[in-house]
Amino acid sequence: MTKKERYIRFIDYFSLHQPNAQTELNYNNPFELLVAVILSAQCTDKRVNLVTPNLFNKFPTPSSLAQADLADVFDCIKSISYPNNKAKHLIGMAQILVTEFKEIIPSDVSLLQKMPGVGRKTANVIASIIYEAPTMAVDTHVFRVSKRLGLSNGKTPLAVENDLTKNIPNDKIRIAHHWLILHGRYICTARNPQCGKCPIQGMCIFFGNRKGDIKLF
DNA sequence: ATCCCGAGGG
DNA sequence: CCCTCTGGAT
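When we follow this note's numbering, the leftmost residue of the first sequence carries the number 926, and every step to the right adds one.
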């Protein structure tokens, strides 16, 4: 099966069976999504969703978060990974949002990355979800699953991003991001991937080549 | 011991 | 390129 055929199989299957895939982060507005995505670094969405209700209640706006005490923000998020770094990032992000962006989250990826805690992946998520831009955010799931399915053999997240963006039609890029995330989270997991439950194992490079071990890639 | 929707700094 | 940040689940 050629690479192009794998892309077609991948897109056709999920277009039919997961036409409404979306993020599992809870949020009610763009600002809350930005906060949630920053918190999601190296942390499961479920754990992020555990702390955001209280966080959003205490700091509902960019200005309230910009003026927050570090210790108070830390206390809200101390049960997730890197709470100290993330607390600093959240406050710094809110301050730039207030002082430079007039409390309006930019749509431009490079402008988004001017905010602390917002790297390429987070910027792509915001551009895609909030502004409906055809950007592919490559996180650990997208990176791993893309390689296993033979959609890309890029050695860096950026290389995989460019590969996916080039080969997926523009109108499918946004939802393809969520297909890859959800497939990686529930089926094509890093450890003990559930290949027996995988509906597209027929197009998978990884399946059939693994020797009882998951360390093929 | 390894992984989770990474980012910043050296 | 590397390293550090760093809590909870498996």
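We put the CB at the ideal spot given by N, CA and C, even for glycine.
Applying the 10 Å Cβ sphere with the 16-neighbour rule, what's the burial state of H926?
For the record, residue 926 in the displayed sequence is Met; it is not His. It is exposed - the Cβ of M926 has fewer than 16 other Cβ atoms within 10 Å.
For I1100 and P985, what's the separation of their Cα atoms in angstroms?
28 Å
CA-to-CA distance, Q1126 to C1113, given in whole angstroms
10 Å
Between N1049 and V1070, which are expected to be in contact by the criterion C-beta below 8 Å, what is the C-beta distance as a whole number of angstroms?
Contact flag wrong, Cβ pair sits at about 16 Å.
With distances taken between CB atoms, is the gap from A1012 to F999 smaller than 8 Å?
yes
If distances are taken between C-alpha atoms only, which option among M1128, D970, P987 comes closest to I1029?
P987
CB-CB under 6 Å to V962, same chain, minus the five flanking residues each way: which ones, in chain order?
T1047, V1050
Q1020: first and last residue of the uninterrupted alpha helix (DSSP H) it sits in:
1008 to 1024
DSSP three-state assignment for C968, whether helix, strand or coil
coil
Segment contact flag, the segment 1049 to 1068 with the segment 1081 to 1095, C-beta cutoff 8 Å, min 3 pairs
yes
From this set, G1109, Q992, A996, P1059, which residue's C-alpha is nearest T1024's C-alpha?
Q992
Can you list, in chain order, the stretches of the alpha helix (DSSP H) that have 4 or more residues and sit fully within the segment 1016 to 1096?
1034 to 1037, 1045 to 1056, 1065 to 1073, 1082 to 1092
Given a cut-off of 8 Å on the beta-carbon distance, is the pair L950 and N974 in contact?
yes
Please tell me whether I1005 and R972 are closer than 8 Å, where the distance is taken between their beta carbons.
yes
Would I1106 and V1067 qualify as a contact pair, given that the criterion is a beta-carbon distance under 8 Å?
yes
Alpha carbon to alpha carbon, how far is H1103 from S989?
31 Å
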